[in-house]
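Single-structure report; data block below.
There are 2 protein chains.
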Amino acid sequence: MIKQEQFESEPWALRERELRIDQLAQSESVFALSNGNLGLRGNLDEGEPSGLPGTYLAGFYESRRLPYAEAGYGYPEAGQTVINVTNGKLLRLLVGDELLDVEYGRLHKHERTLDLRAGVLERRVDWESPAGKRVKVSSTRLVSFTHRAVAAIRYEVEVDRPARIAIQSELVANEDSGTASDDPRTAAALTKPLVAQEGVAVGLRGLLSHQTRGSGLLMSAAMDHVISGPANLTSTIEQLGDVARLTLTANVQPGERVSIVKLLAYSWSSRRGLPSVHAQAIGSLAEAMHTGWDTLLAEQRAYLDEFWDRADVEIDGDPDRQLAVRFALFHVLQAGARAEGRAVAAKGLTGTGYDGHAFWDTESFVLPVLTYTAPNAARDALTWRHATLSVARDRARQLGLRGAAFPWRTIAGEECSAYWPAGTAAFHINADIGHAVGHYLRATGDERFRREEGLELLIETARLFASLGHHDAEGGFHIDGVTGPDEYSALADDNVYTNLMAQQNLRDAAYAAEHAPAKARRLGATSEELAAWRQAADRMAVPYDERLQVHPQDADFTRHAPWDFAATGDRYPLLLHFPYFDLYRKQVVKQADLVLALYLRGDAFTPEEKARDFAYYEAITVRDSSLSACTQAVIAAETGHLELAYDYFAEAADMDLEDLEQNTRDGLHIASLAGAWIAAVAGFGGLRDHDDTLSFSPRLPTPLTRLSLGIGYRGQLLRVEITTKEARYSLRHGPKLEVLHHGQPITVTSGKPASVAIPEISAGDPPRQPPGRAPRPARRK
Amino acid sequence: MIKQEQFESEPWALRERELRIDQLAQSESVFALSNGNLGLRGNLDEGEPSGLPGTYLAGFYESRRLPYAEAGYGYPEAGQTVINVTNGKLLRLLVGDELLDVEYGRLHKHERTLDLRAGVLERRVDWESPAGKRVKVSSTRLVSFTHRAVAAIRYEVEVDRPARIAIQSELVANEDSGTASDDPRTAAALTKPLVAQEGVAVGLRGLLSHQTRGSGLLMSAAMDHVISGPANLTSTIEQLGDVARLTLTANVQPGERVSIVKLLAYSWSSRRGLPSVHAQAIGSLAEAMHTGWDTLLAEQRAYLDEFWDRADVEIDGDPDRQLAVRFALFHVLQAGARAEGRAVAAKGLTGTGYDGHAFWDTESFVLPVLTYTAPNAARDALTWRHATLSVARDRARQLGLRGAAFPWRTIAGEECSAYWPAGTAAFHINADIGHAVGHYLRATGDERFRREEGLELLIETARLFASLGHHDAEGGFHIDGVTGPDEYSALADDNVYTNLMAQQNLRDAAYAAEHAPAKARRLGATSEELAAWRQAADRMAVPYDERLQVHPQDADFTRHAPWDFAATGDRYPLLLHFPYFDLYRKQVVKQADLVLALYLRGDAFTPEEKARDFAYYEAITVRDSSLSACTQAVIAAETGHLELAYDYFAEAADMDLEDLEQNTRDGLHIASLAGAWIAAVAGFGGLRDHDDTLSFSPRLPTPLTRLSLGIGYRGQLLRVEITTKEARYSLRHGPKLEVLHHGQPITVTSGKPASVAIPEISAGDPPRQPPGRAPRPARRK
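Respectively, the protein sequence lines represent chains A and B.
So in this note's numbering, spot 472 of the first sequence is number 902, and the numbers just go up one at a time.
So in this note's numbering, spot 167 of the second sequence is number 597, and the numbers just go up one at a time.
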C-alpha cells in the first residue's frame, strides 16, 4: 500500500504517531467526529496550530447573495454556506505561563487514535516547553451517538516535576477560519457570521448564544465541567463577547493528575426564540451531566457494537484496506446517524468543502449503504427531502414544470447552484431521490414510510419527469437538454442514465400509487396520470449506437469528436485546464454516467452490452471526480476484471486516508467512502437489488482470501462470507430469506447457513483507460 | 403609422414639438449626435431634467471585475463598460437669478429638430420663468464629421423685456448618471469612474483631464468660446475639481441677443502621458476655433451631401417610413463614420445599453450598409478587428483552438461575456467577421486591404473553424457544441448558419491566400493548410430533416419538443419569464438563425427550400431580438410575401422612433436601423452579393409606388429606381457595370440607364407567426 506514513492501520483503529503541521488540515478531516447533527473537526485541543478550525451543526448556515455578471430568469439569488459555529472543544494548557503549542518546545510524543469501536478520538502528548517544563496530556473526545446535541472531552494533565499549571476551557465564536481559497469548490469565506445575543458564565458552566447575520438563525452553545485534581485546584469562569472561559489553576506534583471532563451541548433553530434555543442547550447539557462521562462512553460503544454487528465488512488479505473500509463505514455512519431532518452533506460535518451542501451524492452513494446498515438514518435522510417538498414544488413551478424539482445543491432545500448547466439541468437528482426511496422501501419493507413520505416523493418526482419529457411523432418519450452525472457533458438529449432512472421512477410511482390508492387520490394522482407515467416509461428512449455497438451516453455522444488525450499531458483535472465549452462537446467523461446506469439499472442491459459499454467508456473516463471509482469497481467486477475492480475499490477506500484529490483538508469525501462499501459489497459481493430479491454474484480479486459482509434486510440480518471458492450465506435476526447466488435461488434459514461454490469466469483483456488515468495498482509492487 | 405623436416626420428632419418628461431618455437617444468617435446624447443644454446624461468616446471604458458565484476555466475576469465622460454640452441660463428649467415656469414653445442634411440638432425654446420673466433660447448643436474630436454649440438668448441674464458654460465630470437598472442588458452603473488629474481655466478656455480608476485611461476635455452680446457683457472663468465654468453676465434689452459659440474637443489615450493627451485636446480645439462655427456648419453639410448622394433611399407612398429610413441611415453613419480604429458598438455612441459593447451586430448588420454607403467607415471597422487580432489569438489559445477567437462582446478586444453558452460558444462571430471582410473586398475591390488586414483576418478565422470542427468516420465535417444567432438555442451540433458561414470563411480564406501567396506564406499558411480548409468546407455538414422537408436549425433541432405557445400568453420576451434550460431544448426561436442563413448563404438553398424553411421558422420565431425583423423582411420578400416583408421592414425602421422594445432610453438599436436599409435594399430591392456580380430582384409591396436606392460599388455608384412595374438602373461615377435583374444579366453604362420590367410573382398563403407575434401591420388601418 502506498500510504501516507504518519497513519498506521490497526483492525479497528487509525493511529497517527507523528504530527505533520503541513498536513494538519487533512488530519483534522480524517479525525473528525460527528453524529450527523453535530460535527467537530479533529482540531488540536488547544486550537492552534490548526488547518481549518471547525464545529458544524447540520442544517445551520449563513446565506449570501449569489453574484452574476449576467443574470437570467430562475437563477437562485441566495446561496447557503455552512459556517464554523461556536468552538467548544478548546482546552488550552499553560505550564508556568508557557502555552502548550506543539510548534514550540519539544514534542517527545504525539499520538492520536481514532477508535472505531469506542467511537472516540484519543490523544497522547508528551511535551516539553521551551523553558524545559514537561507535561503529559491525554484527551479523549467523543460526539455522542446517543445524545445528538452533545459532545464530551476528558482532558488530563500530569507533570514530571512540580509545576504550576492552568487549563482554560472555552467557548469561542467567530474564530478566524484561516485563508480563503480561490478554488470554487471550497467554501466561500464568511468572516464573523455570528452576532452575539447573550452570554452566561456561572459556576463551571458557560453559554453563548448567537444569531447569523444574513439567515437569521439562532444558536446556543453551552459547556459544563466535572473537574478533579490536587486540593489547591481553583476555578474561575468569565464571559465576554464571543468568549466564555473557565480557568483552572493548580500547583501539581509528579504523580498527581488534573482531570477535566468538559460536556458540550448545542441547539439551534430557524423559528424558535432565544429563550427556547437557550433552554434546549441547557437541557441537553443537563442530560449529559446526569448521564456522566463513563456512561456516555459506554453508550457510545454499545451503539457502535450494534452497528458493527450489522454492518462490519471483514477483509482478509489486505490489512490496510480492512481498516480503510471500516474507517469509511464509520464516517458514513457519522455523517448520517443523527441528522434527523437535516441534509447529509457531501462532506458530512467534517469540513466546509462545497459550502457544506448536500448533492445527489447522498441518495446515490450514501443512502444505499445506510439503507442496509443503519436504515433509520436512511429513512431520516429521505424524510428531510420530503420536508423540503414545498420548496421543490415551487422550484418546479418556477421552471415551468409539474411535480417537484429538487435542488442540485442545498443546505435547507433551496437551489443554491449558480451554474445552471451543471445544476438546474441535472434533473437526474430527482430520479436519484426516487431510486433511494424505492431502494429503501424494498430493503426495509417500511410500510408507514411507503404510504406517507415515500409515496409523495415518488409521485412528485414522477410528475416532474412526465412534464420534463415529450413524446415524439412515433410516440417515443424523450428527455432533452439535461445534464447527466458526467459533468464533462451537459444539456444533452436522452442521457441514458437519466432516462433509465426516470423510467424506474415513473414505474415505481405508478406501482406505489396503485398500492396506496386512498393516499394517491389525496395527492391528486388519477388513473389517467398513472397510465401516462407507465406509457412514458414504456416508450422511454434509450439510444443505441449500431455502428459502434455501444450505448451512447446521450443521443449524440458517440458522434462527437474524441478528446485529444495525447495533447492533454498531465493537465488534470480537466476542468481546471480546459473550458466547459470544449469538454461538453467531445467524448470525454469525468465520472461514471453510462457505467452508473449499467450498475443501477443493470436489469436494462445484457451482459454482452455491459462488457462492450464498459470497455468503451473506460477508454474515455478520466475520473476527475471522487464519485466514479466505486462504480467502475462494481462494473469491472461484474464484467470479470477483478484486478481492475480491486484497484478502483482501493482508490475509493484510500481517497481521504491518502488525500488522493488533495482536498481532504476541506472535509472528507463521504460518497467516496460510501463507495468503498459499494465496491466491496456490490463489486466483490456482486449484490444487486433491482427487485424484491437480493442477488449476489460474489467473486474475490486475487489478494483477498476472505470477505465478509452484512446486509440488514426487512428486519433480518444476512451475513455473506466469501472466499475464493465459495460463499456462505447465514441469517441472523430473522427466519428465512431467498436470495440469488450467481443467478441460482438459495434459501437461507436461521441457524442453517448455505454454502455455495463460486463459478469460474473468464474475461478478456482488461479495458484500457486514457493515458495516465488508470487507477493506482492497489497491490504493493 | 402608429407613431409616437410628439415626433413629426418631414422628408429630411425629425421634429419634436412637445417635451415629454417621461420620454426624455428616449428622445435623448433619438436626438443623439455622434461621428463615431465622440457622441453626445440629446440632453437638454441646461443638463436637467435628463433621462440619462451621456457623453461618450469610442473605445473609452472603465474595467470592472466580473463576479461569478461559480467560476470556471477561461471565464473572463474583467469586464469593460462604457462611461459617461466629461460633459461639455452644458449651457445653463439664469434669468434674474432663476435657472431655466423646463419643469418649472411655463414653456410657451418647445421644438427640437434633427436635421439630417445639416447634421445638427436645433432647439427653440420660449420660456417664462416662475416669476414671469420670458426668454427665447435657440441652440444648434453639432458633432463634426470633419473634425473627429470636435463638437460645437451655438447658443443664443433673447428677451422680451429688459433682463439680467447669466449663461454658464461648463465642463463637468462624474455627473450623477441616475438610477441603476436591474435589467442585465442595461449597463452596469459605475459611479464616479473618473479621477481628476488637472484643470485649466484661462480667458474663455477651460480644460479638465481625468483618468479612469480601473482601466487607467487618460482623457482631456477642453472648451473654448466665441461670445457676442451687449457692450455690458462680462465673463469670468473658474475651475475646481470636476468642474470648469465660464460665466457670462449681461443686462439685455429686447432686440438684443447674447450669442455664445462653444467649441469642444476631446482626446484620450491608453498609452500616452497626460501632457500629450492634454496637448491633443488643445490642438483639436485650436483647429476648430480656426475653422470657426460657420465653416464647421458648412463642412458638416458638405460631408452629408456627399453621403446622401451615394446612400439616400427614397420611398414614395409612405412619408413616415421615408423619414424613418433616412433617420436610420443617418444614425448608422453617425455610429461608424469616424470610429477609425475603435469598435462600433451595438448602441453606437447614443447610450450605455449592453455596456457599450460591440457584438456581431457590427459585421452582420451595420457593415453591409456602410460597405455600400460609406466604405471607408466599413474598412476602419474591420481594421479595428484586425488591431485586436493578438488578443483574439490569445483567446483561441486559451480555449485550446488555433487561429483567432474574437470576443462575443467587447470594447477594447478582450472577451467580456460572462455567460459562455451565449458568449464564447457563439463562434459564428468569427465567420461573421470573415463574411464582412469578403463582402467589403467584393464591393470595393480594395486590393491593399485584401493583401493586408483582409487576408490575415480570413486566415485566422479559417484556422479557428478548421480546429473547431472535426471529420467524422465518413469524412463529414462537423462543428459541435456551438451557439448560433438564435439565443434561445445553445451548444448545438452543426448549427446550419454557423456551418454555412464557416464554409464560406474557409473558402474565402483559401481563395485570398492563393491570390496573395507571399503574404500568405509569411502568415504560415501552407498549401496543405489551404487544402484542409477546402476539404472541411466541401465536407461541411448541412443537416436536413427528410421527414419535415426542412433544414433543422441544428442537427437535433426539429427532434425537439415544440414550444407551448398556447400556455405562453403575453410573457414576452421569453427570456424574462422562462429559464434558458427550457428555451434551449425546445423549438422556439428568438431571432432569425436558419432564416439568416437563407439570406446570407442564399446560394446554398433552392427557392423551394427557402419557402418551406421560411414558413417553418416563421411559425416558431418570437422575435424577442431587434436583430430579427430585417432578415425576416428580406426572406419574406424573396419568397413573395411582400406585405409581410413590409411589416417587418417597418418594425426595423420604427424600432427607436416608436420605442418598440421599450429600451431606446439606453441607446439606439443601430443594427435594427441598419436593418431598415437591409430590408429595403435586400428585401424590396432584392440585392444579393454572393459573388462578384450584384444581383437584384426588385419588387415593391403594395403601398409603395417608388423606391430608389444607391449602391457604391468598386468606385462606381449605381442607383436603382424601382416602381411597381419596372426597375431603372443608372450609373454615376463609373463607366459600366454588369448586374443581374431577376436572374437576367443587364449592362448599365454611364449616361445610359437601363429600364427593365419586373416579373410577376405568386406566393401561396403568407406564413404564420406564433400567436400574438405577427409584426404590427405597417399600414395604417
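From the three backbone atoms N, C-alpha and C, an ideal C-beta is built for every residue, glycine too.
Would you list the residues sitting across from Gln669/B in a DSSP beta bridge?
Ala674/B
Can you tell which of Val821/A, Gln764/A and Ser1192/A has the C-alpha that lies nearest to the C-alpha of Ala1101/A?
Gln764/A
What is the rounded straight-line gap between the Cα of Gly1142/A and the Cα of Arg740/A?
7 Å
Residues in its own chain within less than 6 Å of Arg553/B by CB, not counting five upstream and five downstream?
Arg542 and Ser569
Identify every residue that forms a DSSP beta bridge with Asn517/A.
Paired residues: Val602/A.
Ends of the beta strand (DSSP E) at Phe757/B?
Premise fails: Phe757/B lies in the alpha helix (DSSP H), Pro749 to Gly766, not in any beta strand (DSSP E).
Look at Val972/A and Arg1042/A and say whether their C-beta atoms are less than 7 Å apart.
no
Taking all protein chains shown into account, do 16 or more other C-beta atoms lie within 10 angstroms of the C-beta of Ala617/B, making it buried, or fewer, making it exposed?
Note on Ala617/B: pLDDT 47, under 50, position unreliable in the model; the coordinate value appears next. By the neighbour-count rule (16 or more Cβ atoms within 10 Å), Ala617/B is buried.
According to DSSP, simplified to helix, strand and coil, what is Ala617/A?
With a pLDDT of only 47 at Ala617/A, under 50, the local geometry of the prediction cannot be trusted, and no value is derived from it.
Under DSSP, the alpha helix (DSSP H) around Pro1212/A begins and ends at which residues?
Outside the displayed range of chain A (431 to 1211) lies residue 1212/A, so it cannot be described from this structure.
Do Tyr918/A and Asp1023/A have their C-beta atoms within less than 7 Å of each other?
no
Hey, how far is the Cα of Glu904/B from the Cα of Glu976/A?
CA-CA distance, Glu904/B to Glu976/A, rounds to 15 Å.
Identify the continuous alpha helix (DSSP H) that holds Met931/B and give its terminal residues.
Val926 to Glu944
Check the Cβ-Cβ distances between Leu829/B and every residue of chain A, and say whether any is below 7 Å.
yes
Less than 7 Å between C-beta atoms, sequence neighbours within five positions excluded: which residues of the same chain meet that for Pro1003/A?
Same-chain partners within the cutoff: Asp1054.
Counting only C-beta atoms, is Leu620/A closer than 7 Å to chain B at any point?
no
Name the chain B residues that come within less than 9 Å of Gly914/A, Cβ to Cβ?
Going along chain B, no residue has its Cβ under 9 Å from Gly914/A, so there is no contact; the nearest lies around 14 Å.
With burial defined as no fewer than 16 other Cβ atoms inside 10 Å of the residue's Cβ, what is the status of Arg701/B: buried or exposed?
Exposed, by the Cβ-count rule.
Is there a Cβ from chain B that is less than 7 Å from the Cβ of Arg1015/A?
Answer yes: the Cβ-Cβ gap between Arg1015/A and chain B drops below 7 Å somewhere.
Smallest Cα separation from His708/B: which of Ser665/B, Leu449/B, Glu1039/B and Met653/B?
Of the residues Ser665/B, Leu449/B, Glu1039/B and Met653/B, the one whose Cα lies closest to the Cα of His708/B is Met653/B.
Please state whether the Cβ-Cβ distance between Gly1194/A and Gly766/A is less than 7 Å.
no
Do we get a CB-CB distance below 7 Å when we pair Tyr503/A with the residues of chain B?
yes
Under the DSSP definition of a beta bridge, which residues are partnered with Val550/B?
Val550/B pairs with Asp545/B.
Quick test of your reading: Arg1136/A and Glu1151/A, contact by CB under 8 Å. State the CB separation rounded to the nearest angstrom.
7 Å
Mind pulling the chain B residues with CB within less than 8 Å of Pro805/A?
Against chain B, a Cβ distance below 8 Å from Pro805/A picks out nothing, because the smallest value is about 35 Å.
Check whether chain B comes within 7 Å of Phe1011/A, counting only Cβ atoms and requiring the distance to be less than that.
Interface annotation, Phe1011/A: in contact with chain B, CB-CB separation under 7 Å.
Just the chain A side, please: which residues come within less than 7 Å of Ala1184/B by C-beta, in chain order?
Within chain A, no residue comes near Ala1184/B; the closest Cβ sits about 51 Å away, beyond 7 Å.
Does Pro497/A get closer than 7 Å to chain B when you measure Cβ to Cβ?
yes
What does Leu1005/B touch in chain A if you count any residue whose Cβ is under 9 Å from its own?
Gly502 and Tyr503
For Val1064/A and Ala1075/A, I'd like the C-alpha separation in whole angstroms.
7 Å
Against chain A, does Ser897/B count as a neighbour if the rule is that its beta carbon must be under 7 Å from one of theirs?
no
Drop a sphere of 10 angstroms on the beta-carbon of Ser1192/A, count the other beta-carbons inside from all chains shown, and report buried for 16 or more, exposed for fewer.
Flag for Ser1192/A reads exposed.
Alpha carbons only, please: which of Thr801/B, Val799/B, Ala835/B and Leu829/B is nearest the one belonging to Arg815/B?
Ala835/B
Are the segment 717-736 of chain A and the segment 532-550 of chain A touching, with three or more C-beta to C-beta distances below 8 Å?
yes
List the endpoints of the continuous alpha helix (DSSP H) containing Arg825/B.
Leu819 to Gln828
Could you give the distance in angstroms between the alpha-carbon of Glu500/A and the alpha-carbon of Ala462/B?
27 Å
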